[in-house]
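Chains as they are written, first to last, in our numbering: chain A, 1 to 268; chain B, 269 to 536. Notes follow once the structure below has been shown.
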DNA sequence: TTGTTCGATATTGTCGACGAAATGGGCGGT
DNA sequence: ACCGCCCATTTCGTCGACAATATCGAACAA
């Protein structure tokens with residue numbers, strides 16, 4: 001008979017307020033309205049994300065499912081979901097029957113990411129200045145202090161710190177949509193940098209951050225936008241279009257001034 | 269033994285050019301280098317996406333897995349993948365153990381989407397003017413002709429058409445990253461409109477499109493940017509912050525100026 | 001030695017089924 | 001008549017296993 005299911009087909013999303021207006025019978029403790037699932041909170045996703053932003057996972061790295069499952073202590077299905085999510089956000093690429101790899105942007109795409117960042121972040125600094133208030137100033141000053149106090153002893157922590165400056169600006173802008181875009185762009189940009197950086201160049205000239213921060217605190221919008229744009233230009237200038245198709249070129253690059261040959265290959 | 273798998277761990281992403289240079293033994297027809305999986309090409313995703321952009325799926329609609337699987341003639345696992353992808357892009361929301369629903373933005377988020385669109389699309393028109401060339405002009409003129417010839421006979425086709433104008437501008441900008449963002453924003457904006465629109469108001473004042481198009485063709489950047497911004501303001505003004513939490517309020521809205529009271533409540 | 005073919009291995013993709021949670025309706029108590 | 005509880009049904013989440021495909025190594029021919 002199949003029972004065509006006449007109702008409840010479109011019940012409307014909304015934090016599951018019970019069908020009627022009656023307040024919940026308190027089966028739940030309180031204040032837990034069953035939040036929507038946020039894949040970004042998944043520990044697997046978080047792990048891969050921070051590993052990437054700290055450059056512990058390099059572009060092109062294969063992310064095998066079974067391997068990750070064992071490494072992170074979960075089952076393959078969670079890994080699959082996490083990888084699918086990261087693939088949707090273009091943090092990883094999935095090839096059919098071959099697996100997932102950390103995304104490696106092309107040179108053109110890297111350029112386009114920076115162009116997009118200039119657009120977005122120019123808007124976020126401007127908006128951040130517009131709606132800057134006491135708590136915002138406190139947050140900004142606190143971050144600037146943290147960056148000033150950073151002694152570069154922990155390269156990974158420093159990398160996170162510089163990225164957080166840009167994210168903080170986007171947060172101060174108060175637009176969650178722009179914030180998400182900025183987050184995504186910053187992450188993907190770090191992939192672009194990792195792909196095309198010259199070996200041994202710093203990631204993000206941290207010297208510019210205090211200047212930008214001061215301009216924001218001074219509410220000098222035009223100068224702050226100009227400084228941010230210039231800052232991003234600076235970062236972009238640090239990358240070069242080396243052969244992005246790697247492997248062979250990578251090897252020639254590695255061995256070209258090294259003079260060693262594989263010898264006779266007997267591992268173990 | 270476990271076999272720590274000494275090599276090939278990071279082989280680099282790159283369109284799987286065969287391990288050697290030899291041409292393939294011809295199991296594949298030709299010219300198909302195994303492209304990365306693009307979830308956006310999935311027919312299920314496409315179906316839901318166009319259904320949403322044409323407002324055949326309204327915000328809040330429940331997207332049951334088994335139901336969709338039967339409706340679209342696939343298995344549940346494909347539906348799950350598609351829904352996960354759409355959830356990553358915030359087109360749908362997934363509640364644990366409750367299913368997926370077409371995303372219904374909050375009022376603030378709707379405002380933020382428009383603000384973001386002003387930022388992105390101001391940049392895309394500007395860039396489109398900068399790199400406008402012959403084929404670009406042809407495309408733009410062709411689209412303007414199509415919009416001019418549209419007789420609104422097919423409401424769904426008209427909706428797609430107006431969205432495509434904005435996407436075309438973004439395409440002309442030549443920045444794939446910005447293009448993707450514009451695509452996503454346009455789609456989510458249409459969800460915001462569907463959520464908060466006043467019943468019976470047109471979606472996107474199509475009258476503005478010819479003006480903007482002409483300004484682009486005339487390469488008047490300042491005026492085009494201003495026109496685009498104004499156009500988006502126009503659209504945003506058409507929505508109102510009605511109670512977004514729906515159902516009860518939705519019903520009161522439906523019946524509020526209808527003059528009927530529940531009387532003495534004896535249904536049937 | 002160089003290049004090709006074939007088989008073994010490993011990894012991914014998919015399916016079916018079961019357990020878990022929530023929804024909805026009916027029942028009994030106040 | 002209303003409110004709360006309980007159970008049946010539906011739907012989602014997860015696990016295990018199998019099939020499909022690619023990768024790797026070795027044997028083989030030129």
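The beta-carbon is built from N, C-alpha and C at its ideal position, and this holds for glycine as well. The structure presented is a predicted model; accordingly, all values stated were derived computationally and were not measured.
Neighbour-count burial assignment, residue 108 of chain A, 16 or more Cβ in a 10 Å radius:
Here residue 108 of chain A refers to the residue found at position 108 when the first chain is read from its first residue. With fewer than 16 Cβ atoms within 10 Å of its Cβ, residue 108 of chain A is classed as exposed.
Where does the unbroken beta strand (DSSP E) through residue 99 of chain A begin, and where does it stop?
Residue mapping note: residue 99 of chain A aligns to position 99 of the first chain, counting from 1. Note, residue 99 of chain A: beta strand (DSSP E), 99–102.
Touch check for the region 396–414 of chain B and the region 364–373 of chain B: three-plus C-beta pairs under 8 Å?
no
Listed by chain order, chain B residues near residue 94 of chain A by CB distance under 8 Å:
Here residue 94 of chain A refers to the residue found at position 94 of the first chain. Those within 8 Å of residue 94 of chain A in chain B are 304, 305.
Do you know how far the Cα of residue 332 of chain B is from the Cα of residue 448 of chain B?
Working through the second chain from its first residue, we reach residue 448 of chain B at position 180. Working through the second chain from its first residue, we reach residue 332 of chain B at position 64. Their Cα atoms are separated by approximately 27 Å.
Rounded to whole angstroms, what's the CA-CA distance from residue 28 of chain A to residue 366 of chain B? Just pull it up for me.
One-based indexing of the first chain puts residue 28 of chain A at position 28. One-based indexing of the second chain puts residue 366 of chain B at position 98. Residue confidence for residue 28 of chain A is low, a pLDDT of 38 falling below 50, so the modelled location carries little weight; the figure read from the coordinates is stated next. Cα to Cα, the separation comes out at about 16 Å.
Partner residues on chain A for residue 446 of chain B, Cβ-Cβ distance less than 8 Å
Numbered from its first residue, the second chain carries residue 446 of chain B at position 178. Ordered by position in chain A, the residues that pass the 8 Å Cβ test against residue 446 of chain B are 112, 115, 116, 119.
Run the CB neighbour count on residue 59 of chain A, radius 10 Å, all protein chains shown included, and call it buried at 16 or more, exposed below.
One-based indexing of the first chain puts residue 59 of chain A at position 59. Buried, because 16 or more other Cβ atoms sit within 10 Å of the Cβ of residue 59 of chain A.
Nearest-angstrom Cα separation, counted from residue 393 of chain B out to residue 288 of chain A:
The question about residue 288 of chain A has no answer here: the residues shown for chain A are numbered 1 through 268.
Pair every Cβ in the region 216–230 of chain A with every Cβ in the region 118–133 of chain A, then say whether three or more of these pairs are closer than 8 Å.
yes
Does residue 454 of chain B come out as helix, strand or coil in the three-state DSSP assignment?
Counting from one through the second chain, the residue named residue 454 of chain B turns up at place 186. DSSP places residue 454 of chain B in helix when its eight states are reduced to three.
Could you pull out every residue in the same chain whose Cβ sits closer than 6 Å to the Cβ of residue 215 of chain A, ignoring the five residues on either side in sequence?
As a working note, residue 215 of chain A is residue 215 in the first chain. For residue 215 of chain A, where only same-chain residues beyond five positions count, the Cβ hits under 6 Å are 223, 224, 227.
Tell me whether residue 357 of chain B is buried or exposed, calling it buried when 16 or more other Cβ atoms sit within 10 Å of its Cβ.
Looking up residue 357 of chain B in the second chain gives position 89. Buried, since its Cβ has 16 or more Cβ neighbours within 10 Å.
Exposed or buried, residue 198 of chain A, counting other C-beta atoms within 10 Å across all chains shown (16 or more means buried)?
Start at 1 with the first residue of the first chain, and residue 198 of chain A comes out as number 198. Exposed: under 16 other Cβ atoms inside 10 Å.
State the Cα-Cα distance for the pair residue 241 of chain A and residue 344 of chain B, rounded to the nearest angstrom.
As a working note, residue 241 of chain A is residue 241 in the first chain. As a working note, residue 344 of chain B is residue 76 in the second chain. Near 43 Å, if we compare the C-alpha coordinates of residue 344 of chain B and residue 241 of chain A.
9 Å Cβ cut-off: residues of chain B touching residue 85 of chain A
Position 85 of the first chain, counting from 1, holds the residue named residue 85 of chain A. Simply 352, 353, 355, 356.
Is it a yes or a no for the region 413–426 of chain B touching the region 149–164 of chain A, going by three-plus beta-carbon pairs under 8 Å?
The count of Cβ pairs closer than 8 Å, one atom from the region 413–426 of chain B and one from the region 149–164 of chain A, stays below three, leaving the stretches out of contact.
Tell me whether residue 362 of chain B sits in a helix, a strand or coil according to DSSP, three-state version.
Counting from 1 along the second chain, the entry for residue 362 of chain B is found at position 94. DSSP places residue 362 of chain B in strand when its eight states are reduced to three.
For residue 364 of chain B and residue 329 of chain B, what's the separation of their Cα atoms in angstroms?
By 1-based counting over the second chain, the position of residue 364 of chain B is 96. By 1-based counting over the second chain, the position of residue 329 of chain B is 61. Near 16 Å, if we compare the C-alpha coordinates of residue 329 of chain B and residue 364 of chain B.
By the 10 Å Cβ neighbour count, where 16 or more other Cβ atoms means buried, how is residue 383 of chain B classified, buried or exposed?
Within the second chain, numbered from 1, the residue matching residue 383 of chain B stands at position 115. Buried, because 16 or more other Cβ atoms sit within 10 Å of the Cβ of residue 383 of chain B.
Whole angstroms is fine: what's the gap from residue 40 of chain A's alpha carbon to residue 476 of chain B's?
The sequence position of residue 40 of chain A within the first chain is 40, counting from 1. The sequence position of residue 476 of chain B within the second chain is 208, counting from 1. Roughly 38 Å separates the two Cα atoms.
With C-beta atoms as the reference, is residue 361 of chain B less than 8 Å away from residue 342 of chain B?
Within the second chain, residue 361 of chain B is the residue found at index 93, counting from 1. Within the second chain, residue 342 of chain B is the residue found at index 74, counting from 1. Against a cut-off of 8 Å, the Cβ pair of residue 342 of chain B and residue 361 of chain B comes out as no contact.
Write down the C-beta distance between residue 350 of chain B and residue 316 of chain B rounded to the nearest angstrom, noting that I regard them as a contact closer than 8 Å.
As a position in the second chain, residue 350 of chain B is number 82, starting the count at 1. As a position in the second chain, residue 316 of chain B is number 48, starting the count at 1. With 8 Å as the limit, residue 350 of chain B and residue 316 of chain B qualify as a contact, their Cβ atoms being about 7 Å apart.
Near residue 182 of chain A, what residues of its chain come up, given a Cβ to Cβ distance below 7 Å and the 5 sequence neighbours on each side ignored?
For the purposes of this step, residue 182 of chain A is identified with residue 182 of the first chain, where counting begins at 1. For residue 182 of chain A, where only same-chain residues beyond five positions count, the Cβ hits under 7 Å are 120, 121, 124, 166, 167, 170.
What does residue 123 of chain A reach in chain B if we use C-beta pairs closer than 7 Å?
Position 123 of the first chain, counting from 1, holds the residue named residue 123 of chain A. Per Cβ cutoff of 7 Å: 387.
Would you identify the three-state DSSP class for residue 409 of chain B, choosing helix, strand or coil?
Walking along the second chain from the start, residue 409 of chain B turns up at place 141. It is helical.
In whole angstroms, what is the alpha-carbon distance linking residue 67 of chain A and residue 80 of chain A?
Taking the first residue of the first chain as position 1, residue 67 of chain A is located at position 67. Taking the first residue of the first chain as position 1, residue 80 of chain A is located at position 80. Going by the C-alpha atoms only, they are around 12 Å apart.
What in chain B is Cβ-close to residue 197 of chain A, meaning under 7 Å?
Within the first chain, numbered from 1, the residue matching residue 197 of chain A stands at position 197. The premise fails here: residue 197 of chain A is roughly 16 Å from chain B at the closest Cβ pair, so nothing lies under 7 Å.
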